[in-house]
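Q: Got a structure here, written out as structure tokens. Questions coming.
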């Protein structure tokens, strides 16, 4: 089962077909799925009053390869509502010697899944929206702020009118005061989604601006409010998000936009190289002197 949105409904629907022990497990999950998501098969069995093997067979009866896959689906279902302490608890069964390999593998898997599932047509449509916009606003708050800064930094090499919108001296809405129907707002947010990001996108939409969301999936609140959505996996069993796939997606947008505006970008860099050299922005020959 891949669609976690259907999980609770399927648990309810399967009730009559399940054995008495399996039905008890299903009822427990429906009523306490936020707690079950962090229980091992053994702990869930103890909580319900059945054996660990019964819990494993229950997961198989729902179509999962094993209990870890059922647990992952539960965690995905509630991930956007998890507190930092709950997300941290997800690493409780991870041995310290496994941390490096498991985190790197999770990052690689997120990139692989993003590459397999990305909507190419949506990606190309997003590129067109950038090229058509009078002004581009890039919005990212809290953990998404560094991605917004990174994206806007490179967009400014390609376009003259780019504004990065993050938390700062000015309120988010003050930074969006002049947005209108000729502009594009790029909203970046991953679990736990920030309410301010959603409110800012709704504000921009009320002004007629085009909205592009960069987020983790169709369950994201940004998905429903945006005109176009590009999705990148950010799964990480900890309080920190995996941002490798979102950054790879952003890199792809930067490269694609640079190709579409090759002449303008080349002229810009030729001008900037002289300025960078005159003011010794980057290390070069004689920099050690």
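Residue numbers (our numbering): 20 to 308.
Heads up, the beta-carbon is just placed ideally off N, CA and C, and yes, glycines get one too.
All values derive from a computational prediction rather than experimental measurement.
1. List, from N- to C-terminal side, the alpha helix (DSSP H) runs of 4 residues or more that fit wholly inside the stretch 160–239.
2. Confirm, please, whether the CB-CB distance from residue 85 to residue 78 is below 9 Å.
3. How is the beta strand (DSSP E) around residue 250 delimited, first residue to last?
4. Could you please give me the residues that DSSP links to residue 157 through a beta bridge?
5. By Cβ distance, which residues of its chain are closer than 6 Å to residue 206, with the 5 residues on each side in sequence left out?
6. In chain order, what residues of the same chain have a beta carbon less than 6 Å from the beta carbon of residue 133, not counting five sequence neighbours either side?
7. If you reduce the DSSP assignment to three classes, tell me which class residue 135 lands in.
8. Which term fits residue 95, buried or exposed, when burial requires 16 or more other beta carbons within 10 angstroms of its beta carbon?
9. In whole angstroms, what is the alpha-carbon distance linking residue 267 and residue 130?
10. Just verifying my parser: in three-state terms, what is the DSSP assignment at residue 69?
11. Going by DSSP in three states, residue 57 sits in which element: helix, strand or coil?
12. Kindly list the residues whose CB is nearer than 7 Å to the CB of residue 307, restricted to its own chain and excluding five residues on each side of it in sequence; keep chain order.
13. Can you have a look at residue 147 and say buried or exposed, based on whether 16 or more other CB atoms are within 10 angstroms of its CB?
14. Can you check whether the CB of residue 230 is closer than 9 Å to the CB of residue 249?
15. In the DSSP assignment, find the unbroken alpha helix (DSSP H) run with residue 281 in it and report its ends.
16. Measure how close the beta-carbons of residue 204 and residue 223 come, nearest whole angstrom, since I'm counting them as under 8 Å.
17. For residue 254 and residue 298, what's the separation of their Cα atoms in angstroms?
18. Is residue 294 buried or exposed, if buried means 16 or more other CB atoms sit within 10 Å of its CB?
A: This is what the structure holds:
1. 164–177, 191–194, 214–225
2. yes
3. 247–250
4. 183, 205
5. 158, 216, 220, 232, 241
6. 251, 252, 264
7. helix
8. buried
9. 8 Å
10. coil
11. coil
12. Below a pLDDT of 50, predicted positions are generally treated as unreliable, and residue 307, at 38, falls in that range; no measurement from the model is reported.
13. exposed
14. no
15. 281–297
16. 4 Å
17. 42 Å
18. exposed
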